[in-house]
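Everything in the sequence shown is counted per the numbering used here, starting at 1 for the first residue and increasing by one.
In this text, a Cβ means the ideal position worked out from N, Cα and C, and glycines have one as well.
Working notes for the structure below.
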Amino acid sequence: MRGRLPSSPSARALLPEGAGGRRAFCRAMRAALPFWTLLLLAPLGLGACSDDDGSAEESEPADPRGAAPAPPTPEAPPEPPRDAFPGYPLIDDSQLLRAPERYDHLVPRLVPPTGPRYRNLVYEANNVGMRGPRNDDGFYEATGSTIAERWREAAAGVKKVFALRDALFSQQDHPIDHDPVAVMMPPSWVTVAVAETLAERPLQPVQAPPIDDDDAWAAFSTPQALFGSFPPSERLHETATRARTVLAPERLRVTNARRTVQLLARDAQAMIDAATEGAEAVAAAGAEAISLSDRRYFGERLRREHVILIGVENPNRHELVEEAKGLRVHGRELPQEAVDLARRAIYRRRLRDGDIAVERYDLAVPAERRRAIAVLEELLPAEGGEAGGDVWLWVHGGLDARGIGGRDATPFIGGFREQVEASEVDTARLHYLSKPHVPIGGRNLAMKLDAAARRFRALEIPLSLNIGTRLLQRLIDENEERRQRRSARAAAAEAAED
1 MRGRLPSSPS ARALLPEGAG GRRAFCRAMR AALPFWTLLL LAPLGLGACS
51 DDDGSAEESE PADPRGAAPA PPTPEAPPEP PRDAFPGYPL IDDSQLLRAP
101 ERYDHLVPRL VPPTGPRYRN LVYEANNVGM RGPRNDDGFY EATGSTIAER
151 WREAAAGVKK VFALRDALFS QQDHPIDHDP VAVMMPPSWV TVAVAETLAE
201 RPLQPVQAPP IDDDDAWAAF STPQALFGSF PPSERLHETA TRARTVLAPE
251 RLRVTNARRT VQLLARDAQA MIDAATEGAE AVAAAGAEAI SLSDRRYFGE
301 RLRREHVILI GVENPNRHEL VEEAKGLRVH GRELPQEAVD LARRAIYRRR
351 LRDGDIAVER YDLAVPAERR RAIAVLEELL PAEGGEAGGD VWLWVHGGLD
401 ARGIGGRDAT PFIGGFREQV EASEVDTARL HYLSKPHVPI GGRNLAMKLD
451 AAARRFRALE IPLSLNIGTR LLQRLIDENE ERRQRRSARA AAAEAAED
């Protein structure tokens, strides 16, 4: 092992100032000169270029009391660079099925573990379901990175998949209960930033001290103090401002929350930096940050070809108050101009990346039909629209307060389609999805599926189902066998007549 050679103070002074400069100088000398030359030059002061040139991280000082250090809390992996996008996943073709053409408009559920799935069907996926089970400590058993890989692998094996990505707690990353991968800044933050800029009020930043600085985090005693001008999250504030002296796993939960706040602060700062250029620049900066997080989570090609991102343009009261979905903020008056600017910027930017879904509109209500058409004319103008993905409009005929049960859109879809075709909308890039899903239960499931499939195909709209691939495969196979038996009997009868 080579030790550090002595060096004279006068010669050491010739080295570049600073640790970074000395390390660069030493690396250049070692690359250019043979080892024996360096050894002969050591008395002249170049012994400062030893193997230990400061490039390694410094170790923590030993505990002066001699006590054993506490076991380290597992930390989430570091954030990847902003321009690092995941690649397209490799898919096991043996797991991919193909639905018969008469069933290619079905929209089943994507349920992990992924396993077999239909390559020619559009699927719906649920964020909570895709994360998988939790452990006894309340964390998800899978890491954030594993969950993201699960999404990518599942999406790459199907035609397309709907993915809700609209609010802080309604996206693929959970902000606290696993390591964040690519947290999306909520669209409502863009609306607020635009509104403040229109009012000529300076935007106050989100505070994001170093993760290990407990005192700095504790100084933000209220959610408003932590989140500045932006919509606060009480849950995220409460977790992020706790001391990290708590034992694992709570310490990891605090770390995750602080990392999420740091990611949100970075995106919010992009809008703050654009504020001097006006409200439209603020909206564009926020939309770009959201688009970037989408692509960092799914990857550019997967986002473009397979992922349909859902935006809640028309939330009901439960979604707005309890889930903070949409472009508005409950309890805060925001001018319609700000909402419109934010919506156009975010939805158009996302549409450049791939398909988007906009939800949800009651076709039994004339005002909601007009609202839906106005949004479509913004996103898909009949002339002069930007290239990009398609728009999927989620429609219904009246839902319950939670937006889960109710009447589907089939009684109204024909009349609404005529209204859209008479408006300034590029209908070639427009698709409809009727909600709620059509229940398939009880007896004779296969026959019920076939009847519903025929009804929705006649209406030229997809059929949303609340069943996964395994059950769907069994029902399709049963119906195909029945068709084959009928065909065989018909052929036999025809042959007998001949």
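Can you give me the Cβ contacts of residue i inside the same chain, cut-off strictly under 6 Å, excluding the 5 residues immediately before and after it?
{"i": "Gly388", "result": "Leu351, Arg352"}
{"i": "Asn479", "result": "Ala446, Asp450"}
{"i": "Glu234", "result": "Pro223"}
{"i": "Asp400", "result": "Gly406"}
{"i": "Lys159", "result": "Asn120, Leu121, Val122"}
For residue i, write down the residues that DSSP places opposite it in a beta bridge.
{"i": "Tyr361", "result": "Val395"}
{"i": "His431", "result": "Trp392"}
{"i": "Phe162", "result": "Glu124, Ile308"}
{"i": "Ala458", "result": "According to DSSP, which records beta bridges pairwise, Ala458 is partnered with nothing at all."}
{"i": "Arg134", "result": "Tyr140"}
{"i": "Ile356", "result": "Leu309, Val391"}
{"i": "Pro232", "result": "According to DSSP, Pro232 bridges with nothing at all."}
{"i": "Leu110", "result": "Ala125"}
{"i": "Leu97", "result": "Tyr118"}
Suppose the cutoff is 7 Å on Cβ atoms and the five residues either side in sequence are ignored; what does the same chain contact list for residue i look like?
{"i": "Val282", "result": "Ala193, Val194, Thr197, Met271, Ala274, Ala275"}
{"i": "Gln262", "result": "Ala208"}
{"i": "Arg152", "result": "Pro86, Pro89, Phe298, Gly299, Leu302"}
{"i": "Leu463", "result": "His105, Leu106, Val107, Val438, Ala452, Ala453, Phe456"}
For residue i, which residues from the same chain have a beta carbon less than 8 Å from its beta carbon, with the 5 sequence-adjacent residues on both sides left out?
{"i": "His330", "result": "Leu320, Val321, Ala324"}
{"i": "Arg371", "result": "Asn314, Tyr361"}
{"i": "Arg417", "result": "Tyr432"}
{"i": "Ala156", "result": "Tyr88, Pro89, Ile91, Leu302, His306"}
{"i": "Glu300", "result": "Phe85, Asp353"}
Could you check what DSSP says for residue i in three-state terms: helix, strand or coil?
{"i": "Gly544", "result": "No statement about residue 544 is possible, as the shown extent of the chain runs from 1 to 498 and does not include it."}
{"i": "Arg201", "result": "coil"}
{"i": "Ala167", "result": "strand"}
{"i": "Ser464", "result": "strand"}
{"i": "Val194", "result": "helix"}
{"i": "Pro366", "result": "helix"}
{"i": "Pro315", "result": "coil"}
{"i": "Arg443", "result": "coil"}
{"i": "Leu247", "result": "coil"}
{"i": "Arg117", "result": "strand"}
{"i": "Pro381", "result": "strand"}
{"i": "Pro71", "result": "Interpretation of Pro71 is limited by its pLDDT of 43, a score under 50 that renders its predicted location unreliable; no figure is taken from the coordinates."}
{"i": "Val183", "result": "coil"}
{"i": "Arg258", "result": "helix"}
{"i": "Arg332", "result": "strand"}
{"i": "Val206", "result": "coil"}
Any heavy atom of the ligand COA closer than 8 Å to the CB of residue i?
{"i": "Ser487", "result": "Ligands displayed in this structure: none; no statement on the ligand COA is therefore possible."}
Would you grab the beta carbon distance between residue i and residue j for me? Rounded to a whole angstrom, and I think it's under 8 Å.
{"i": "Leu121", "j": "Asp104", "result": "7 Å"}
{"i": "Leu363", "j": "Val420", "result": "In fact, because the Cβ distance is near 11 Å, the residues do not count as touching under 8 Å."}
{"i": "Ile310", "j": "Ala163", "result": "7 Å"}
{"i": "Ile346", "j": "Ala287", "result": "5 Å"}
{"i": "Arg258", "j": "Ile211", "result": "5 Å"}
{"i": "Gly132", "j": "Glu141", "result": "6 Å"}
{"i": "Met185", "j": "Ala268", "result": "7 Å"}
{"i": "Val181", "j": "Leu110", "result": "At roughly 19 Å, the Cβ-Cβ gap does not stay under 8 Å, so Val181 and Leu110 are not in contact."}
**Request:** Could you tell me whether the region 204 to 223 touches the region 281 to 299, using the rule of 3 or more Cβ pairs below 8 Å?
**Result:** no
**Message:** With a threshold of 8 Å, are at least 3 pairs of Cβ atoms found where one atom belongs to the region 365 to 383 and the other to the region 408 to 428?
**Reply:** yes
**Request:** Specify whether the region 110 to 127 and the region 460 to 480 touch according to this definition: at least 3 beta carbon pairs, one from each stretch, less than 8 Å apart.
**Result:** yes
**Item:** Contact the region 330 to 349 vs the region 179 to 194: 3+ CB pairs below 8 Å
**Value:** yes
**Message:** With three or more beta-carbon pairs closer than 8 Å as the criterion, would you say the region 351 to 365 touches the region 391 to 399?
**Reply:** yes
**Request:** Could you tell me whether the region 239 to 258 touches the region 175 to 182, where touching means 3 or more Cβ pairs closer than 8 Å?
**Result:** yes
**Contact between the region 222 to 237 and the region 204 to 211 (3+ Cβ pairs under 8 Å)** = yes
**Request:** Kindly confirm or deny that the region 433 to 441 and the region 393 to 409 touch, where touching means at least three C-beta pairs closer than 8 Å.
**Result:** yes
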